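Residue numbers (the numbering used here): 3 to 210.
Here a beta-carbon is modelled for each residue, glycine too, at the ideal position from N, C-alpha and C.
This one's a predicted model, so the numbers in the text were calculated from it and none came from an experiment.
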């Protein structure tokens with residue numbers, strides 16, 4: 003009888019030890035997975051906007067093509083933002099948020115915009131001023147992209163500054179309009195969770 007009680011006690015103790023060990027292992031696994039999430043998100047965010055270790059880095063053909071694709075996507079986003087910013091039926095906070103997002107697509111908010119139809123002037127005006135003006139428009143801008151392509155692919159000059167040029171054909175209020183858009187690679191600091199990273203990304207430049 004004493005041996006039976008001893009065996010039961012020993013068996014119960016072993017079960018408790020195994021349970022604690024399993025729980026500890028599960029917690030460690032969860033902690034490891036949680037720690038890995040920022041790295042996974044960082045890798046995803048940098049998939050197109052490749053990080054360059056130095057200014058003298060030579061981009062591969064694949065990297066150039068990826069940046070050019072991203073530039074096209076940014077201009078498409080810009081046109082979508084124009085529709086939102088100029089539509090008086092849309093909430094003012096959403097319009098302002100869209101204006102801020104539109105500015106982030108460019109290398110800076112002092113970028114120049116030239117168009118006598120939308121800007122109502124033949125002189126180049128700063129992008130921020132243009133967006134603020136159409137934000138107060140009574141009528142929305144009816145604009146769509148018919149085609150967009152690089153006429154000067156991204157290339158580096160002697161100082162390894164990368165730039166290119168796109169040609170965009172727009173349908174503006176039923177009329178065709180051809181514009182040129184400069185693009186540049188710029189270095190920016192971005193925050194991914196708790197991690198600060200300096201990355202090189204494509205930015206839109208002057209529209210003329």
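Taking a cut-off of 8 Å on C-beta distances, the stretch 81–92 touches the stretch 103–116, as three or more cross pairs fall below it.
With a 10 Å radius around the Cβ and a threshold of 16 neighbouring Cβ atoms, residue 154 comes out exposed. Between residue 59 and residue 164, the alpha-carbon positions lie close to 11 Å from each other. From the listed residues 186, 71, 114, 175, the smallest Cα separation to residue 142 is found for 175. If the five residues before and after residue 146 are omitted, its C-beta is found closer than 6 Å to the C-beta atoms of 173, all from its own chain and listed in chain order. Note on geometry: alpha-carbon atoms of residue 65 and residue 160 lie some 19 Å from one another. In this structure, residue 136 keeps its C-beta atom at 9 Å or more from the C-beta atom of residue 150. Look at residue 140 here: in three-state DSSP terms it is coil, with no helix or strand label. The residue among 156, 191, 198, 110 with its C-alpha nearest the C-alpha of residue 71 is 156.
Within 10 angstroms of the beta-carbon of residue 138 lie fewer than 16 other beta-carbons, which makes it exposed.
Around the Cβ of residue 76, a 10 Å sphere holds 16 or more other Cβ atoms; the residue is buried.
DSSP places residue 91 in the coil class of the three-state scheme, outside both helix and strand.
In terms of Cα proximity to residue 148, the closest of 115, 129, 133, 177 is 177.
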